[in-house]
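First comes the structure, then the notes that go with it.
Numbering (the numbering used here), first residue to last: 32 to 484.
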């Protein structure tokens with residue numbers, strides 16, 4: 032079976048992982064050879080570390096130098112060479128490993144952010160079907176070509192391609208990708224709808240209100256990308272401080288190497304050794320590794336779990352937070368409806384059995400919740416099943432039973448008792464969804480569903 036070839040980005044990540052692993056392995060071998068008596072010289076494996084790690088350090092340093100700046104990357108590279116010159120190649124190899132590890136961690140964090148952005152972009156349909164003035168459909172076109180005022184048709188099960196306003200039809204729209212709410216929202220003429228949401232039932236004609244690039248989901252994607260680019264105060268300080276710090280360290284190192292011998296305070300060899308020691312000690316390994324990787328990793332993990340940070344600075348400010356306001360749906364709750372209670376004068380299990388039997392072939396947005404609640408009950412065969420958009424479903428069990436709202440009750444010529452109306456309003460005040468169950472003779476009960484904590 033043929034396998035897809037790796038992408039350039041995946042190949043780059045793999046090469047970085049191999050390079051980091053090789054440098055770590057050779058550094059450990061060099062350390063073992065240096066510390067264990069009667070073993071070969073550690074110079075050979077450590078020399079390979081220098082050769083493998085020199086390329087990225089040189090590229091980063093040269094890029095900064097072309098911008099007229101001295102970077103801490105250059106300082107680490109010079110310190111590694113200095114360590115080798117004074118006979119401590121292991122310390123230099125450790126510096127090179129820390130630099131390589133820092134770059135790899137930053138690359139991994141950026142990769143997670145890119146994947147989070149990609150998963151958001153996959154929510155957007157790529158094409159839509161514009162309508163002519165006579166209601167006929169044109170061939171599909173890219174959503175980027177849809178101008179405000181264009182009308183499109185959205186069928187059941189399709190993602191809405193752009194932000195717009197319903198001009199005809201009605202249906203239930205699953206907005207969980209945007210709001211986190213598990214229960215679809217009824218949308219009719221005049222209501223706004225958003226790109227990347229799903230029409231779970233019904234049919235809509237939507238008039239585009241803004242270009243695809245300005246849709247709500249596009250702004251969310253832009254927010255994640257902006258957060259990736261924005262630096263935290265700590266990282267901004269480090270980047271701003273890197274040039275003068277590197278310059279001061281290099282000037283100080285030069286002074287330590289030159290001044291004592293010229294004044295007769297020390298020999299050239301001793302002064303050079305002290306200067307190289309200072310250079311190694313002054314290399315800011317912890318700063319290089321910590322801040323960028325930590326910030327990028329935090330932003331990427333947050334995006335993957337539905338938490339969007341406007342920038343790295345926000346992460347720095349989290350330590351000062353004393354009050355947290357949580358969104359309910361999908362954060363404090365599971366984000367999907369579950370059975371709350373049943374109101375009926377008949378056997379509750381029988382009522383649930385009727386409702387679940389009808390929901391088996393249904394595309395109603397609470398069908399899964401009803402079937403989950405009826406687990407363990409024996410479901411009845413359904414004949415003459417019919418789904419009525421905006422009202423509910425019905426069928427023979429063997430008598431005719433319906434599940435839906437008051438419009439469905441009115442269709443069957445039955446009243447909804449005041450007690451059920453009051454109970455439904457009470458449940459609605461608690462954020463729950465209520466469905467009615469009835470026959471051709473009466474409304475026999477109601478079932479309440481809500482998001483589970």
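From the three backbone atoms N, C-alpha and C, an ideal C-beta is built for every residue, glycine too.
Got a sec? Which residues, its chain only, sit under 8 Å from residue 440 by beta carbon, not counting five neighbours each side?
-> The residue labelled residue 440 in the question sits at position 409 within the chain shown. For residue 440, where only same-chain residues beyond five positions count, the Cβ hits under 8 Å are 433, 446, 447, 467, 469 and 474.
Identified DSSP bridge partners for residue 480 = As a first step, residue 480 must be located in the chain shown, where it is residue number 449. Residue 480 pairs with 370 and 464.
Own chain partners of residue 357 with C-beta closer than 7 Å, once the 5 adjacent residues on each side are dropped | In the chain shown, counting from the first residue as 1, residue 357 sits at position 326. Result list for residue 357: 363, in chain order.
Output the distance between the C-alpha atoms of residue 178 and residue 200, rounded to the nearest integer angstrom.
-> Numbered from 1 along the chain shown, position 147 holds the residue referred to as residue 178. Numbered from 1 along the chain shown, position 169 holds the residue referred to as residue 200. Going by the C-alpha atoms only, they are around 21 Å apart.
Candidates 69, 51, 99 and 477: which alpha carbon is nearest residue 85's?
-> Stepping through the chain shown from its first residue, residue 85 is reached at position 54. Among 69, 51, 99 and 477, the Cα nearest to that of residue 85 belongs to 51.
Identify whether residue 76 lies in helix, strand or coil by the three-state DSSP scheme.
-> Walking along the chain shown from the start, residue 76 turns up at place 45. In this structure, residue 76 counts as helix in the three-state DSSP scheme.
Where does residue 471 land, buried or exposed, given buried means 16+ other C-beta within 10 angstroms?
-> Counting from 1 along the chain shown, the entry for residue 471 is found at position 440. By the 10 Å Cβ count, residue 471 comes out exposed.
Kindly indicate which three-state DSSP category residue 474 falls into: helix, strand or coil?
-> Locating residue 474 in the chain shown gives position 443, counting from the first residue. It is a strand residue.
Quick one: residues in its chain with C-beta nearer than 6 Å to the C-beta of residue 305, no 5 flanking neighbours on either side, listed in chain order?
-> Along the chain shown, read from residue 1 onward, the residue named residue 305 stands at position 274. Excluding positions up to five away in sequence, the list reads 287.
Secondary structure, alpha helix (DSSP H): runs of 4+ residues fully inside the region 188-232 = 207-210
Candidates 94, 58, 216 and 376: which alpha carbon is nearest residue 82's?
-> Counted from its first residue, the chain shown places residue 82 at position 51. Per the Cα distances, 58.
What beta strand (DSSP E) runs, 3 residues minimum, are completely inside the region 376-435?
-> Listed in chain order, they are 414-419, 423-427 and 431-435.
Would you report the Cα separation of residue 387 and residue 400, rounded to the nearest angstrom?
-> By one-based count along the chain shown, residue 387 stands at place 356. By one-based count along the chain shown, residue 400 stands at place 369. Rounded to the nearest angstrom, the two C-alpha atoms are 9 Å apart.
Pairwise C-alpha distance: residue 187 and residue 94 = One-based indexing of the chain shown puts residue 94 at position 63. One-based indexing of the chain shown puts residue 187 at position 156. For residue 94 and residue 187, the distance between alpha carbons rounds to 53 Å.
Measure the CB-CB distance between residue 376 and residue 481 and report whether it falls below 9 Å.
-> Taking the first residue of the chain shown as position 1, residue 376 is located at position 345. Taking the first residue of the chain shown as position 1, residue 481 is located at position 450. Not in contact: residue 376 and residue 481 (Cβ atoms no closer than 9 Å).
Neighbourhood of residue 92 by C-beta distance below 7 Å, restricted to the same chain and skipping five residues each side = For the purposes of this step, residue 92 is identified with residue 61 of the chain shown, where counting begins at 1. Excluding positions up to five away in sequence, the list reads 102, 104, 105 and 108.
Identify whether residue 239 lies in helix, strand or coil by the three-state DSSP scheme.
-> One-based indexing of the chain shown puts residue 239 at position 208. Residue 239: strand per DSSP, three-state reduction.
Residue 101 - DSSP class collapsed to helix/strand/coil = Taking the chain shown and counting its residues from 1, the one referred to as residue 101 is at position 70. Residue 101: coil per DSSP, three-state reduction.
Using DSSP with H/G/I as helix, E/B as strand and the rest coil, what is residue 168?
-> Within the chain shown, the letter at position 137 stands for residue 168. Strand.
Check whether the region 233-240 touches the region 448-464, counting contact only when three or more Cβ pairs, one atom from each stretch, lie closer than 8 Å.
-> no
Which residues in the same chain have their Cβ closer than 6 Å to the Cβ of residue 135, if we skip the five residues on either side of it in sequence?
-> For this step, residue 135 is matched to residue 104 along the chain shown. Cβ within range, chain order: 47 and 51.
With a threshold of 16 other CB atoms inside 10 Å of the CB of residue 67, please say whether the residue is buried or exposed.
-> Walking along the chain shown from the start, residue 67 turns up at place 36. When all chains shown are included, residue 67 counts as exposed.
Quickly, what does DSSP pair residue 234 with across the bridge? List them, please.
-> As a first step, residue 234 must be located in the chain shown, where it is residue number 203. Residue 234 is bridged to 201.
Can you find a heavy atom of the ligand HEM that lies under 8 Å from the Cβ of residue 385?
-> Ligands displayed in this structure: none; no statement on the ligand HEM is therefore possible.
Among 175, 284 and 380, which one has its Cα closest to the Cα of residue 408?
-> Residue 408 sits at position 377 when you count from the first residue of the chain shown. Comparing Cα positions, the closest option is 380.
Helix, strand or coil at residue 177 according to DSSP, with G and I counted as helix = Counting from 1 along the chain shown, the entry for residue 177 is found at position 146. DSSP places residue 177 in coil when its eight states are reduced to three.
Do you know how far the Cα of residue 280 is from the Cα of residue 308?
-> Reading the chain shown from its first residue, position 277 is the one you call residue 308. Reading the chain shown from its first residue, position 249 is the one you call residue 280. Taking C-alpha positions only, residue 308 is separated from residue 280 by approximately 12 Å.
Contacts around residue 229, its chain only, beta-carbon distance under 6 Å, and the 5 residues preceding and following it disregarded | For this step, residue 229 is matched to residue 198 along the chain shown. Here the set comprises 190 and 205.
Take residue 125 and list the residues in its own chain whose beta-carbon comes closer than 8 Å to its own, dropping the five residues that flank it on each side.
-> Your numbering for residue 125 matches position 94 in the chain shown. Correct list, in chain order: 58.
Bridge partners of residue 182, per DSSP?
-> Sequence index remark: in the chain shown, residue 182 carries index 151 (1-based). Listed as beta-bridge partners of residue 182 by DSSP are 238.
Once you ignore the five residues that flank residue 158 on each side, which residues in its own chain have a CB closer than 8 Å to its CB?
-> Your numbering for residue 158 matches position 127 in the chain shown. The residues are 171, 172, 173, 174 and 192.
Answer with buried or exposed for residue 71, where buried requires no fewer than 16 other C-beta atoms within 10 angstroms of its C-beta.
-> Counting from one through the chain shown, the residue named residue 71 turns up at place 40. It is exposed - the Cβ of residue 71 has fewer than 16 other Cβ atoms within 10 Å.
Just how far apart, CA to CA, sit residue 111 and residue 312?
-> For the purposes of this step, residue 111 is taken as the residue at position 80 of the chain shown. For the purposes of this step, residue 312 is taken as the residue at position 281 of the chain shown. Looking at the two C-alpha atoms, the distance is approximately 11 Å.
For residue 33, which residues from the same chain have a beta carbon less than 7 Å from its beta carbon, with the 5 sequence-adjacent residues on both sides left out?
-> Taking the first residue of the chain shown as 1, we reach residue 33 at position 2. At residue 33, the pLDDT of 42 sits below 50, so the modelled position is not reliable; the number obtained from the coordinates is stated separately. None.
To which residues of the same chain is residue 35 closer than 7 Å at the C-beta, ignoring the five residues directly before and after it?
-> Residue 35 sits at position 4 when you count from the first residue of the chain shown. In this prediction, residue 35 scores a pLDDT of 45, lower than 50, which makes its location untrustworthy; no coordinate-derived value is stated.
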